[in-house]
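Residue numbers (the working numbering): 1 to 422. Here the structure is laid out as structure tokens; the discussion comes afterwards.
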């Protein structure tokens with residue numbers, strides 16, 4: 001059984017109060033709280049195993065190296081990559097995408113070549129490509145979305161041209177919660193000889209990932225959104241692609257031999273990991289992966305998708321509510337889910353963004369905060385999506401494995417209270 005109270009005990013911060021009220025933390029799409037096991041593992045390493053990795057011959061260095069490389073293997077298992085050489089540690093999703101944008105455009109694209117992103121992307125999957133457009137003259141094209149926030153695969157077919165070199169798309173929208181059919185996107189792109197990068201920042205904490213089943217060429221995600229430490233992330237890349245790409249940064253750790261005449265680079269994945277890595281954070285990330293794996297990704301998905309469904313249903317009691325993205329009723333009408341089903345994957349996951357009447361999203365979020373309810377307000381680093389929706393921002397409630405229906409009830413009751421004030 002999914003023992004939510006036992007799980008919540010692993011996160012002491014959830015028991016604190018804000019403004020004299022119990023904390024209701026619904027900002028998990030921005031960052032998740034960390035279980036004690038992650039904090040303990042990192043503290044233990046700093047206390048007893050702290051030494052720089054890879055180059056040291058002494059005991060502590062070798063022990064730290066073993067933990068660091070064991071973390072890489074743990075990530076490989078988590079996403080079912082074929083080899084540990086395909087797992088590159090980065091500072092997060094943003095750096096992982098920037099790495100691909102820089103190295104891929106340098107070696108695989110020339111002026112006039114195209115990269116395709118979508119209208120629902122986070123700025124981290126827009127701005128790096130725009131920077132390359134300014135520097136190298138590549139063209140950034142964007143897939144449109146429907147009024148209910150979904151991609152049309154026919155539009156992807158129409159958007160692919162002989163100049164398309166890469167498709168880069170979010171697995172789950174951080175605003176709409178839309179779960180994109182990435183396997184179908186990969187299939188279509190590959191039929192045109194085009195590789196695909198999947199931004200999995202919002203899916204890695206919620207949905208089982210299998211890069212070989214998805215078939216993507218690259219995948220990026222962050223540790224801090226999946227109960228791990230900040231400042232650590234992962235770039236998965238197929239070996240044949242990583243072999244072709246030049247290093248993103250130069251310095252120590254990523255070299256084979258340096259002379260005044262030339263430098264040769266380390267084997268994969270180290271040629272993309274310049275400088276001292278955050279080897280304590282990688283151990284923390286591996287511990288977080290162990291934690292969610294022990295609970296079961298399918299169990300987490302079922303719990304969070306039920307919270308998403310319940311939240312959308314309860315928000316319908318609020319006068320003037322407008323929920324953005326795929327709607328529960330449309331999914332039911334299309335036969336994607338049934339009233340008795342807990343699972344709404346391929347529909348919407350762990351995120352509900354909304355506005356209420358003429359109440360500004362910032363005002364609503366600020367007043368909810370005074371009730372102890374932490375939600376996110378604003379454009380959520382997705383301004384092109386806000387432009388597509390014709391709004392300046394939303395209130396966003398996002399769920400994690402430790403959230404409860406009682407917290408959803410507190411959110412809805414808080415909104416009702418704010419509405420009465422206005």
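All C-beta atoms in this analysis are idealised placements derived from N, C-alpha and C, irrespective of residue type, glycine included.
For residue 144, is the classification buried or exposed, using 16 other Cβ atoms within 10 angstroms of its Cβ as the cut-off for buried? Looking up residue 144 in the chain shown gives position 144. Result: exposed.
Which same chain residues end up closer than 7 Å to residue 397 when comparing Cβ atoms and leaving out the 5 residues on each side of it in sequence? Position 397 of the chain shown holds residue 397. Closer than 7 Å at the Cβ level, and outside the excluded window around residue 397, lie 26, 311, 352, 375, 411.
Buried or exposed for residue 423, going by 16 or more other Cβ atoms inside 10 Å? Past the boundaries of the shown model lies residue 423; the chain is included only from 1 to 422, so the question cannot be answered.
Boundaries of the beta strand (DSSP E) in which residue 257 is found, first to last residue: Indexing the chain shown from 1 puts residue 257 at position 257. Element bounds for residue 257: 255-258.
Which word fits residue 390, buried or exposed, when buried means at least 16 other C-beta atoms lie within 10 angstroms of its C-beta? Position 390 of the chain shown, counting from 1, holds the residue named residue 390. Its Cβ having fewer than 16 others within 10 Å, residue 390 is exposed.
In angstroms, rounded to a whole number, what distance separates the CA positions of residue 393 and residue 386? Residue numbering aside, residue 393 sits at position 393 when the chain shown is read from its first letter. Residue numbering aside, residue 386 sits at position 386 when the chain shown is read from its first letter. Straight-line Cα distance between these residues: approximately 6 Å.
Just to confirm my understanding: we take residue 280, look at its own chain, exclude 5 residues before and 5 after, and list those with CB closer than 7 Å. What are they? Against the chain shown, residue 280 aligns to sequence position 280. Once the five neighbours on either side are set aside, the close Cβ partners of residue 280 are 42, 45, 46.
My guess is that residue 318 and residue 419 are in contact by the Cβ rule of under 8 Å, so how many angstroms apart are they, rounded? Here residue 318 refers to the residue found at position 318 when the chain shown is read from its first residue. Here residue 419 refers to the residue found at position 419 when the chain shown is read from its first residue. That pair is a contact at about 7 Å.
In the DSSP assignment, the alpha helix (DSSP H) including residue 45 goes from what residue to what residue? The sequence position of residue 45 within the chain shown is 45, counting from 1. Looking at the DSSP string, the run of the alpha helix (DSSP H) that includes residue 45 is 36-48.
State the start and end residues of the unbroken beta strand (DSSP E) segment that holds residue 114. Here residue 114 refers to the residue found at position 114 of the chain shown. Residues 114-118.
Report the three-state DSSP secondary structure of residue 287 (helix, strand or coil). In the chain shown, residue 287 corresponds to position 287, counting from 1. Reduced to three states, the DSSP call for residue 287 is helix.
Between which residues of its own chain and residue 85 is the CB-CB distance below 8 Å, once the five residues before and five after are set aside? Here residue 85 corresponds to residue number 85 of the chain shown, with the count starting at 1. Excluding sequence neighbours, residue 85 sits near 239, 242, 267, 268, 269.
Report the rounded CA-to-CA distance for residue 205 versus residue 22, giving the unit in angstroms. Stepping through the chain shown from its first residue, residue 205 is reached at position 205. Stepping through the chain shown from its first residue, residue 22 is reached at position 22. Straight-line Cα distance between these residues: approximately 24 Å.
Rounded Cβ spacing between residue 138 and residue 154 (contact assumed at less than 8 Å): The sequence position of residue 138 within the chain shown is 138, counting from 1. The sequence position of residue 154 within the chain shown is 154, counting from 1. At roughly 24 Å, the Cβ-Cβ gap does not stay under 8 Å, so residue 138 and residue 154 are not in contact.
Cα-Cα separation between residue 175 and residue 363, rounded to whole angstroms: The count along the chain shown starts at 1 and reaches residue 175 at position 175. The count along the chain shown starts at 1 and reaches residue 363 at position 363. Approximately 19 Å, taken between the alpha carbons.
Where do the ends of the beta strand (DSSP E) carrying residue 354 lie? In the chain shown, the residue the question calls residue 354 occupies position 354. It spans 351-356 - the beta strand (DSSP E) in which residue 354 sits, taken as one unbroken run.
Have a look at 18, 59, 13 and flag the residue whose alpha-carbon is nearest the alpha-carbon of residue 39. Translated into positions along the chain shown, residue 39 becomes position 39. Among 18, 59, 13, the Cα nearest to that of residue 39 belongs to 13.
Segments assigned beta strand (DSSP E), at least 3 residues, entirely inside the stretch 37-112: 87-90
Closest to residue 234 by CA distance: which of 97, 372, 416 is it? The sequence position of residue 234 within the chain shown is 234, counting from 1. It is 97.
Do residue 109 and residue 163 have their C-beta atoms closer together than 7 Å? Here residue 109 is taken as the residue at index 109 of the chain shown, counted from 1. Here residue 163 is taken as the residue at index 163 of the chain shown, counted from 1. No, Cβ-Cβ distance for residue 109 and residue 163 is not below 7 Å.
Could you tell me which uninterrupted beta strand (DSSP E) segments, each at least 3 residues in length, are contained entirely in the stretch 345-417, listed from first to last along the chain? Listed in chain order, the complete beta strand (DSSP E) runs (minimum 3 residues) inside the stretch 345-417 are 351-356, 376-378, 394-398.
Need the endpoints of the alpha helix (DSSP H) that residue 236 sits in, please. Reading the chain shown from its first residue, position 236 is the one you call residue 236. No alpha helix (DSSP H) holds residue 236; the beta strand (DSSP E) holding it covers 233-237.
Sorted by chain position, which residues of the same chain lie with C-beta nearer than 7 Å to residue 288's C-beta, five sequence neighbours on each side aside? Working through the chain shown from its first residue, we reach residue 288 at position 288. Taken in chain order, the residues that qualify are 38, 223, 226, 227, 228.
Residue environment, residue 152, which counts as buried when at least 16 other CB atoms sit within 10 Å: Position 152 of the chain shown, counting from 1, holds the residue named residue 152. Exposed, by the Cβ-count rule.
For residue 8, does the three-state DSSP call read helix, strand or coil? Taking the first residue of the chain shown as position 1, residue 8 is located at position 8. Looking at residue 8 - three-state DSSP - the assignment turns out to be helix.
Figure out for me which residue from 218, 377, 146, 94 has the closest Cα to the Cα of residue 79. Start at 1 with the first residue of the chain shown, and residue 79 comes out as number 79. The shortest Cα separation from residue 79 among 218, 377, 146, 94 belongs to 218.
Where does residue 370 land, buried or exposed, given buried means 16+ other C-beta within 10 angstroms? Against the chain shown, residue 370 aligns to sequence position 370. Exposed is the call here.
For residue 304, which residues from the same chain have a beta carbon less than 6 Å from its beta carbon, with the 5 sequence-adjacent residues on both sides left out? Taking the chain shown and counting its residues from 1, one reaches residue 304 at position 304. The answer, listed in chain order, is 206, 350, 399.
For residue 292, which residues does DSSP report across the bridge? Counting from one through the chain shown, the residue named residue 292 turns up at place 292. DSSP, once it has assigned bridges, lists no residue as partnering residue 292.
Pop quiz: residue 87 and residue 75 are said to be a contact at Cβ under 8 Å. What is the actual Cβ separation, rounded to whole angstroms? The count along the chain shown starts at 1 and reaches residue 87 at position 87. The count along the chain shown starts at 1 and reaches residue 75 at position 75. At roughly 5 Å, the Cβ-Cβ gap stays under 8 Å, so residue 87 and residue 75 are in contact.
What distance in whole Å lies between the Cβ atoms of residue 372 and residue 115, which are believed to be in contact at a cut-off of 8 Å? As a position in the chain shown, residue 115 is number 115, starting the count at 1. As a position in the chain shown, residue 372 is number 372, starting the count at 1. Not really, about 43 Å apart at Cβ, beyond 8 Å.
Going by C-alpha distance, which of 295, 257, 252, 258 is nearest residue 274? The sequence position of residue 274 within the chain shown is 274, counting from 1. Considering only 295, 257, 252, 258, the residue with the shortest C-alpha distance to residue 274 is 252.
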